[in-house]
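Chains as they are written, first to last, in UniProt numbering: chain A, 1 to 120; chain B, 1 to 120. All residues carry an ideal CB built from backbone N, CA and C; glycine is no exception. Data block below; observations after.
2 protein chains.
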Amino acid sequence: MEPKAAIGAFAALAQETRLGVFRLLVQAGPDGLNAGDIAARVGVPASTLSHHLGILERAGLLRAWRVQRQIYYATDYDGTRRLLDFLMQDCCGGVPELCRTDIAKTIDCCPKPAIIQGAS
Amino acid sequence: MEPKAAIGAFAALAQETRLGVFRLLVQAGPDGLNAGDIAARVGVPASTLSHHLGILERAGLLRAWRVQRQIYYATDYDGTRRLLDFLMQDCCGGVPELCRTDIAKTIDCCPKPAIIQGAS
DNA sequence: ACGATAATTCGATATCTCTCGAAATGTCAA
DNA sequence: TTGACATTTCGAGAGATATCGAATTATCGT
Chain A
1 MEPKAAIGAF AALAQETRLG VFRLLVQAGP DGLNAGDIAA RVGVPASTLS
51 HHLGILERAG LLRAWRVQRQ IYYATDYDGT RRLLDFLMQD CCGGVPELCR
101 TDIAKTIDCC PKPAIIQGAS
Chain B
1 MEPKAAIGAF AALAQETRLG VFRLLVQAGP DGLNAGDIAA RVGVPASTLS
51 HHLGILERAG LLRAWRVQRQ IYYATDYDGT RRLLDFLMQD CCGGVPELCR
101 TDIAKTIDCC PKPAIIQGAS
C-alpha cells in the first residue's frame, strides 16, 4: 500500500459524519445499507452524505453497488485490512518478544465461535 | 473511546510526515527514538516535527519521556489498540459467520513464534 | 553561573475541506 | 415518453491545518 493511499483513508476516517458512517457499516455487515437509509440514520442531507460516501469509497474503505434505484454501501473489508496492515507493518522490527500488545485480539472482526476460539 | 478522540487520532495519521513518524516508531518498538533522531530520519525542521509529535501524542498514539536532554517518543500500543478496537467495534453486528475477513491476523503486531502460531 | 545543546512555542501565510441548496444525472413504473 | 424517485455534481463561503524561521524554555557539563 502506498503512503498516499493510507493518508487518504485516514483522512476519510478523520471526520465525524464519515467515521459514523463507516462504523455503522462495519456493524451492518457485508449486506450494507443504501444511501438513503444511511442519510436518515446519520441525519445529514443527501448531497452532503454523497460527498462523504464518495470519499470513503475512493479511500478503499467502502464498496458500492446498485440495486434497482438505490445504491448500497458496505465496508470494504479487504481495503480496511490493507490499511491496518500498512499501519502496523514490521511492528517492533519483527522481534516478537518486544511488543506483545495483542492489538490483534481486540480488533478481531466478528470473533470466532467459542469452541474454535478456545482452541487457539 | 469517544468519537472525538478517534477523529483526533485518525486526523493525526492523515498527514504524510506524521504517518511516517508513527510507522517509524511502530517499527522502532517500545524503546522509541528521540526527537532529534526522528527529525533527521524524516527530514523536517525540528519545529515542524515538534508540532507533529505533539499532535500524535495528544491523540494517544505516542508516549513521550525525557532522558537527559533528549525527549524520547514511542508508539502507545494501548492507545493504538483502543483506536482500532473502536473502529471495528461490533463488526457485523456480532454474527461471526458473516465477515470472516481475518483482519486481526494481518495486523498482528509482532507475530507469535512459529510453534505457537502454528498451534492456533 | 555560563555557554552549548535539545526541543517547543509563536506568528503569519497558503492550502485544503466541510457544508448545504440548487441543478443535473440516472433508474424505474406505467 | 412521461413523471417520480434516488443519488450525485456543482458552486461558494466559512473554518481548520501545514509549514518554517525566530524566539523561548529546559537541561546538561564545566
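Check: Smallest Cα separation from residue 15 (chain B): which of B:51, B:1 and B:78?; Outcome: B:51
Check: Going by CA-CA distance only, name the one from B:59, B:71, B:45 and B:29 that's closest to residue 10 (chain B).; Outcome: B:59
Check: If you measure between the beta carbons of residue 21 (chain A) and residue 38 (chain A), is that distance less than 8 Å?; Outcome: yes
Check: Name the chain B residues whose beta carbon is nearer than 8 Å to that of residue 26 (chain A)?; Outcome: 87, 88, 89, 90, 91 and 92
Check: Report yes if the CB atom of residue 33 (chain A) is closer than 8 Å to the CB atom of residue 77 (chain A), and no otherwise.; Outcome: no
Check: Around the Cβ of residue 75 (chain A), are there at least 16 other Cβ atoms within 10 angstroms (buried) or fewer (exposed)?; Outcome: buried
Check: Out of A:19, A:83 and A:30, state which residue places its alpha-carbon closest to the alpha-carbon of residue 65 (chain A).; Outcome: A:30
Check: What number of angstroms, rounded off, separates the C-alpha of residue 121 (chain A) from the C-alpha of residue 62 (chain B)?; Outcome: Residue numbering for chain A in the displayed model covers 1 to 120; residue 121 (chain A) lies beyond these limits and cannot be assessed.
Check: For the UniProt domain "HTH arsR-type" (1–95) of chain B, which segments carrying the alpha helix (DSSP H) assignment without a break, of at least 4 residues, lie completely within its bounds, in sequence order?; Outcome: 3–13, 16–28, 35–42, 46–58 and 77–87
Check: So that I know if they touch, is there some Cβ in chain B lying closer than 8 Å to that of residue 70 (chain A)?; Outcome: no
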